[in-house]
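Single-structure report; data block below.
Protein chains: 2
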Amino acid sequence: MKPEVRLIVQQAIEDLNFVPNSIARSLVSKKTNLIGVIASDISTSFFSSTLSYIEEAASQNRYNILVGNIKDNLDKELKYLQVFKEMQVDGIIIMHEMMDKHIERFLQSLTTPTVFCSAKPNSSVNCPSVNIDDMQASYDTVKHLISLGHRRIAFIGGDTKELSTGRYRYDGYLKALVEAGISVNPDWVRFGNFKLQDGYDIMQTFLQSEQLPTVVFAVSDDMAVGALNCIVDHDLKVPDDISLVGFDDSSITETVRPKLTSLHQPIQQIGQMSVDILIKMIEGQSPGVKEVVLSHKLVERSSLRSLL
Amino acid sequence: MKPEVRLIVQQAIEDLNFVPNSIARSLVSKKTNLIGVIASDISTSFFSSTLSYIEEAASQNRYNILVGNIKDNLDKELKYLQVFKEMQVDGIIIMHEMMDKHIERFLQSLTTPTVFCSAKPNSSVNCPSVNIDDMQASYDTVKHLISLGHRRIAFIGGDTKELSTGRYRYDGYLKALVEAGISVNPDWVRFGNFKLQDGYDIMQTFLQSEQLPTVVFAVSDDMAVGALNCIVDHDLKVPDDISLVGFDDSSITETVRPKLTSLHQPIQQIGQMSVDILIKMIEGQSPGVKEVVLSHKLVERSSLRSLL
DNA sequence: TGATTATCTGGTAACGTTATCAGATTTGAG
DNA sequence: CTCAAATCTGATAACGTTACCAGATAATCA
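The listed protein sequences correspond, in order, to chains A and B. Quick note on the working numbering: the first sequence kicks off at 32 and runs consecutively. Quick note on the working numbering: the second sequence kicks off at 32 and runs consecutively.
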């Protein structure tokens, strides 16, 4: 094309105020540049952070995101998956791990590239996932607590359904305990739904048990902060009376006093990776990986003290 | 249509695994059922909550949302607005109040229904908006502080550009002060960007001023919590040494000790209303209103004490 | 049974783009 | 000035729907 013609065309675009119609373009090209994202609950700090990193990575690659906030409602999840399919999205990211038969069947017959972000699909569903090693992460932190002299270690877990992050984290807790020859006190193990209030309520029961734990390990920062609030509401001190460790290393760890020591998940990397893999699949390449496991680490702040 | 024919068709849909193609449908119907949302920063509690209410209201009306997270980057905002136009979204919700010439011009010539949510457009842009009366809200809370005997009232404001929420809230602060015959101490007035760290940093400067304020009023909960952390990091106590009041009444008010008293914004209503008005416009009705002003109230928790 | 209405069938055009191709026109090299 | 290559022009089909219409068939009422 000659440069002068290009100018004339550009002038015409200006004059006529022409804006291309992506819908028509998509219809013929069969490419929408849309990524559908299913999120458990975007008003939560973990998911809203992850979502913002997904958005960032997507927009850098000229993809736009359609968000489906399902608030743990499986019907809404299925509905969104169907809508995504009708809308011909190029790919789907799922940040939710529960599944029912309908969703499972839908996903099995779905040809749209899909990746699980900070969640794993049932084994019958063949989608790549991006996670940390939850079991190892949990094991590592409990082992660290033990190395600090703790023996009375309470656990605030998450949903413990098979193959869920909640299950893995619980397994890691158990493994570290049995390995150290510490018997599990059932009074000190409770499961919530990752929310702040769950942590508060569960901590309440711990505080009523005969003997107090020396440390409580919560499987989300929100629950850890709930526990923290419960503790200070009972005029006890963290970490002097009870130590506290969270999970995720979300921003809430720094908004609270004492600052919360927490198991760090590389959220940015998780979001970015999910998008990268998805785009590879969209472009017809093999994802290259089935399960991406990113590395974790414990970041120490001020809510955990040594007993030695 | 006869019911038996309906059955046959439904059977065929099942057998062929037919899924309608919304893209093709949209092309002919000129309706995408898409709402584009521009958000300042979705990883922030205020915006992620509002967004989740917007999503809820939209999905109840069979609309899907496309989110553009601009992180206060005006170029990205313009880019998203253009993309929204190309994608033929049915409507746009803007949760951001800064504007430059490009955006202003774009919006002036845009025919897509648009509403501002918790933000107001420049007067040259004719879009409805949903807000509280920021000036009145700020005025009311400062007046309340005064009625509690406070005279040394510090202010952590937001961006103070014309017609912005930050400006209105500052005006309310000033009005209440002059009305009570209290002179404004410039050492006790600082402006941040609504983030926690801003509150922390600004509080630091207050703590270094000759005389300490008896209360600080921050124009977002995040900044208030930042201030709170700064205060406790200096071994001072809230509200014994310094009282604290936030703005928004977001969930952070309850995640922090002492619980933060804060000016309540009806976030759910704001999100819902924005969507309702937008949908009215999309359906060709007049929005009915130009500026919706919802009511606010101060919700008292434990960070404010009376001096009387 | 015949007239009237309800329902079905199949065909066509349109939405705004992209891909492709044939033919016309311009450009550059020798 | 000629010929090949580069560039332009205009036309056509396709993407998967919906709207519309004419004509055929079936159901309903008198």
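We put the CB at the ideal spot given by N, CA and C, even for glycine. Computed from a predicted model, the values in this text were never measured in an experiment.
Pairing residue 65/A with residue 95/A gives a Cβ-Cβ distance under 8 Å.
Interface with chain A (8 Å Cβ-Cβ cutoff): residue 82/B is included. Under the Cβ distance rule, residue 52/A counts among the residues neighbouring chain B, one pair being separated by less than 8 Å.
Residues of the segment 244-275 of chain B that bring their beta carbon within less than 7 Å of a beta carbon in chain A comprise 256, 260 and 263, in sequence order. A distance below 8 Å between beta-carbons, with the five flanking residues on each side excluded, links residue 43/A to the following residues of its chain, in chain order: 49. Taking the beta carbon of residue 86/A as reference, the chain B residues within 9 Å of it are 73, 98, 99 and 100, listed in sequence order. Under the 8 Å criterion on CB atoms, residue 117/B is classed as interfacial with respect to chain A.
Boundaries of the alpha helix (DSSP H) harbouring residue 78/B: 76-91, taken from the DSSP string. Secondary structure at residue 206/B: helix, using DSSP grouped into helix, strand and coil.
Judged by their CB atoms, residue 118/B and residue 53/A are nearer to each other than the 8 Å cut-off. In the pairwise beta carbon analysis, the segment 280-299 of chain B is classified as touching the segment 74-87 of chain B: at least three pairs are separated by under 8 Å. Of the other Cβ atoms in all chains shown, fewer than 16 fall within 10 Å of the Cβ of residue 314/B; this residue is therefore exposed.
In this structure, the alpha-carbon of residue 220/A lies about 14 Å from that of residue 207/A.
For residue 321/A, the CB contacts under 6 Å within the same chain, skipping 5 residues up- and downstream, are 159 in chain order. Comparing alpha-carbon positions, the option among 211/B, 188/B and 269/B lying closest to residue 248/B turns out to be 188/B. Residue-level contact by beta carbon holds for residue 114/B and chain A, with a gap shorter than 8 Å. Take the alpha-carbon of residue 224/A and the one of residue 129/A: they are about 12 Å apart. In the DSSP annotation of this structure, the continuous segment of the beta strand (DSSP E) that includes residue 328/B starts and ends at 328-330.
Here residue 68/A is actually not in contact with residue 308/A; their C-beta atoms are around 14 Å apart, not less than 8 Å. Spatial neighbours of residue 336/B in its own chain (CB-CB distance under 8 Å, excluding positions within 5 residues in sequence) are listed in chain order as 179, 270, 271 and 274.
From the listed residues 301/B, 296/B and 311/B, the smallest Cα separation to residue 328/B is found for 296/B.
When the beta-carbon positions are compared, residue 261/A and residue 294/A stay at least 8 Å from each other. Under the three-state reduction of DSSP output, residue 162/B falls in the strand class. Looking only at 228/B, 111/B and 204/B, the smallest Cα-Cα distance to residue 167/B is reached by 204/B.
For residue 312/A, the uninterrupted alpha helix (DSSP H) segment begins and ends at 298-313. The continuous beta strand (DSSP E) containing residue 221/B extends over residues 220-222. At least one CB atom of chain B sits nearer than 8 Å to the CB of residue 227/A.
If you ignore the 5 residues before and after residue 200/B, its C-beta comes within less than 8 Å of the C-beta of 165, 166, 168, 169, 188, 189, 250 and 278, all in its own chain and listed in chain order. Residue 227/B is a Cβ neighbour of residue 257/B, given a cutoff of 8 Å. Against chain A, the CB of residue 283/B has a partner CB under 8 Å away; the residue lies at that interface. Just so you know, the alpha carbons of residue 301/B and residue 154/B end up roughly 21 Å apart. Excluding five sequence positions before and after residue 173/A, the CB atoms of its chain that fall closer than 6 Å to its own CB belong to 204 and 207, given in chain order. For residue 305/B, no Cβ of chain A is located within less than 8 Å of the residue's own Cβ. With 16 or more other Cβ atoms from the protein chains shown falling within 10 Å of its own Cβ, residue 108/A counts as buried. Against residue 309/B, chain A offers no close residue; the least beta-carbon distance is about 17 Å (beta-carbon pairs closer than 8 Å). With fewer than 16 other beta carbons inside 10 angstroms of its own, residue 51/B counts as exposed.
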